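In the working numbering, the protein residues as written are 192 to 373. Shown next, in structure tokens, is the structure this report addresses.
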């Protein structure tokens, strides 16, 4: 079985990206399992933790959880044309200390979502820049920019849009094929 970690860029309880992540977890099978990796409890990265110590236990637990994954999937909103700080912090924690980048060589993909028209395009591409440096082998096509996401999520914070569900399932087929190549 291959295990794919999902990293959600929003901490908001009723986050649209969390709704997408939960839907994807529900698409797990006996050969391809998705699980959400919590990033909200990580203290802000400070190199002194690694150089001088002690590093927070949450850093070590997080790094171990990423290291064991067969692939990574990032689901992010857009904050000020970029990724939320919590997601960037998780990337930083996982890439340190120098020479111990737990992201390196993992196949990955990005889904960005927004209530607006452009589906968090800026966050998606800004995240891609960081993933290139971290050596995450990011799926290039299909790209996933989910615009008007608020129209697809009900008051129960679950996806209720058959077209969006089909789009995500097709995206996951491409992502699975991508992960299987590695």
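The beta carbon of each residue, even a glycine, is placed where N, CA and C say it ideally should be. It should be emphasised that the depicted structure is a prediction, and the values quoted were computed from it without experimental measurement.
Neighbour-count burial assignment, residue i, 16 or more Cβ in a 10 Å radius
i           : result
residue 141 : Here the chain has residues from 192 to 373 only, and residue 141 is not among them.
residue 315 : buried
residue 195 : buried
residue 308 : exposed
residue 359 : buried
Pairwise C-alpha distance: residue j and residue i
i           : j           : result
residue 269 : residue 311 : 5 Å
residue 216 : residue 366 : 14 Å
residue 355 : residue 349 : 12 Å
residue 221 : residue 368 : 16 Å
residue 246 : residue 240 : 4 Å
residue 329 : residue 318 : 10 Å
residue 199 : residue 280 : 12 Å
residue 334 : residue 302 : 8 Å
8 Å contact criterion, which residue i and residue j should meet: CB distance rounded
i           : j           : result
residue 260 : residue 297 : 6 Å
residue 385 : residue 277 : Given that the chain is displayed from residue 192 to residue 373, the structure contains no residue 385 and the question cannot be resolved.
residue 212 : residue 266 : 5 Å
residue 236 : residue 274 : Contact flag wrong, Cβ pair sits at about 14 Å.
Bridge partners - residue i, DSSP secondary structure assignment
i           : result
residue 266 : 199, 302
residue 226 : 196
residue 350 : 344
residue 335 : 302
residue 208 : Answer is none; residue 208 lacks a bridge partner.
Cut-off 8 Å between Cβ atoms - residues of its own chain near residue i, not counting five sequence neighbours on either side
i           : result
residue 182 : As displayed, the chain neither begins before 192 nor continues past 373, which places residue 182 out of reach and without an answer.
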